[in-house]
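Worksheet: the structure to be examined is printed underneath.
In my numbering, the protein residues as written are 2 to 231.
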């Protein structure tokens with residue numbers, strides 16, 4: 002499976018989750034409603050920002066008109082969601098990144114163009130809200146220019162069946178180092194994110210620690226597979 006604008010728009014990405022047993026995956030209608038509920042809180046005419054802390058940093062897919070480094074206080078990165086599709090599977094689950102309460106997170110803030118806001122935001126919702134694994138919220142983020150803006154964040158849904166309370170590096174490394182799925186290896190996600198954070202001058206010891214451990218962990222390549230490198 003390829004994750005791009007086309008697969009998000011034509012339903013291919015969403016449909017890939019429907020055959021995974023044991024969980025209720027969200028319909029397109031439910032995902033749309035979640036997005037519109039968030040937009041009802043937004044004051045139309047004001048800039049709309051989204052805070053990126055994971056793959057939206059290195060592969061946003063949506064169009065934006067402004068990007069700034071930003072800080073989100075009160076939240077930290079956490080691999081606290083059991084990953085059973087994408088970069089993991091039911092037999093060998095990985096871990097997916099989310100935000101949990103406490104600490105502070107540095108990332109990127111993107112501002113959407115007002116004229117095409119809903120179409121671009123829909124791509125984000127189709128990507129992030131497939132299984133209701135996140136709870137979208139509005140939060141204050143401080144931009145690199147010193148301005149504080151309201152931005153959309155995606156926090157862990159702590160009541161979800163796939164939520165895992167223990168997200169310590171010692172625990173999650175054993176899952177991330179071996180898990181893979183139809184989007185690739187779980188470890189590659191961490192390594193790409195680590196490289197992206199360093200590219201933007203963003204420090205996160207949790208991610209840097211995991212990446213360092215993964216680099217020192219040998220992997221067995223599938224025939225024809227090209228190992229990830231920066």
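Where is the CB? At the ideal position from N, CA and C, for every residue including glycine.
Cβ pair residue i, residue j closer than 8 Å
i	j	result
residue 126	residue 42	no
residue 111	residue 51	yes
residue 185	residue 88	yes
residue 96	residue 82	yes
residue 203	residue 78	no
residue 27	residue 147	no
residue 9	residue 68	no
residue 100	residue 156	yes
residue 258	residue 124	Outside the shown range of the chain (2 to 231) lies residue 258, about which nothing can therefore be said.
residue 80	residue 179	no
residue 12	residue 90	no
residue 35	residue 137	yes
residue 24	residue 14	no
Alpha carbon of residue i to alpha carbon of residue j, nearest angstrom
i	j	result
residue 192	residue 210	11 Å
residue 151	residue 219	42 Å
residue 175	residue 38	38 Å
residue 40	residue 58	22 Å
residue 29	residue 129	12 Å
residue 189	residue 158	24 Å
residue 201	residue 153	20 Å
residue 197	residue 168	21 Å
residue 22	residue 55	26 Å
residue 76	residue 199	20 Å
Other residues of its chain near residue i: CB distance less than 7 Å, five sequence neighbours each side excluded
i	result
residue 224	Reliability fails at residue 224, whose pLDDT of 43 lies under 50, so the model's placement of it is uncertain and the value that follows must be treated cautiously. No residues qualify anywhere along the chain.
residue 143	71, 72, 149
residue 18	26, 86, 131, 132
residue 212	191, 192, 195
residue 74	105
residue 141	149, 151
Close beta carbons around residue i, own chain, < 6 Å, minus the five adjacent residues each side
i	result
residue 227	Because residue 227 carries a pLDDT of 49, less than 50, the predicted location of this residue cannot be relied on, and the following value inherits that uncertainty. Same-chain partners within the cutoff: there are none.
residue 64	121
Residue burial classification, residue i (beta-carbon count within 10 angstroms, cutoff 16)
i	result
residue 171	exposed
residue 31	exposed
residue 216	exposed
residue 45	exposed
residue 20	exposed
residue 206	exposed
residue 103	exposed
residue 53	buried
Close beta carbons around residue i, own chain, < 8 Å, minus the five adjacent residues each side
i	result
residue 114	64, 65, 66, 121
residue 33	123, 126
Residue i Cβ short of 7 Å to the ligand HEM heavy atom set
i	result
residue 60	Although the ligand HEM was asked about, the structure shown includes no ligands whatsoever.
- Task: Enumerate, from N- to C-terminal direction, the unbroken beta strand (DSSP E) stretches of 3 or more residues contained entirely within the segment 23-79.
- Result: 50-53
| request: Mind listing, in chain order, the continuous alpha helix (DSSP H) runs of no fewer than 4 residues lying wholly within the segment 85-169? | output: 118-129
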